[in-house]
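Residue 125 in numbering that gives the first Met the number 0 sits at position 126 of the sequence shown, with consecutive numbering throughout.
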Amino acid sequence: MKIYGIRDGLLTPSETELVYFARKFLSKIGENCALQIVYDRTLFPEYRDIAYTDGETIFMSDKIFDLSRENMIALLAHEIAHIYFMQRGIEHSEDEADEMAELLFGSKIYYDEFDIQTIDPRNTKPFRPEYLPQ
Ligand SMILES: [Zn+2]
C-alpha cells in the first residue's frame, strides 16, 4: 500500500488526516492498492468529481482538503469498497459500494446537501439519491 503525491515537508492538518485514514483503511484490503493525490483540478471538473479508482489506485483530487473529515472518511471507504469488488471481479452498483464500505469500516454512508458521501448523519440523505449515477 502506497500513498503518492503528498507534498514533502510539514503537512497541513487535513493532509495529515488523509494520510492517517488512507493508511489505516487501505491496509484493511491488502497490499495491492494505492492512493494518488491529484493536484490538477481540471481532471475533476464537476463539483462531485473528487475521487475514482481503477481497481488498484484511488485517484483523489486535492478538493478533498476543502471537505470535512466525515466526507474524507466516507469517500475513502466508498472507493476502497470499489477496489474490494473490482479485485474480486465482482460487478457491483454504487449502492453496493456504500454497503460494502459500511461492512468494511463500520460506518454507514450518507449523502450530504451537495450529494457527497459523508459518515455524518446530520442533515443528510440516508441513501444515495436516485438522480446520481448508479
Ligand atoms: Zn463509486
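Ideal Cβ placement from N, Cα and C applies to all residues, glycine included.
Predicted model, so just to flag it, every value in this text is computed and none were measured.
Between the region 33-50 and the region 84-93, the count of C-beta pairs closer than 8 Å stays below three; the two stretches do not touch.
By the neighbour-count criterion, in which a residue is buried when 16 or more other Cβ atoms sit within 10 angstroms of its Cβ, I49 is buried.
Within the same chain, Cβ atoms closer than 7 Å to the Cβ of E16 are found at R68 and M71, the five residues on either side in sequence being excluded. For ligand 1, a non-hydrogen atom lies closer than 7 Å to the CB of E93. For A96, the distance from the CB to the nearest heavy atom of ligand 1 is below 7 Å.
Under the three-state reduction of DSSP output, S26 falls in the helix class. Taking all protein chains shown into account, L131 has fewer than 16 neighbouring C-beta atoms within 10 Å of its C-beta and is therefore exposed.
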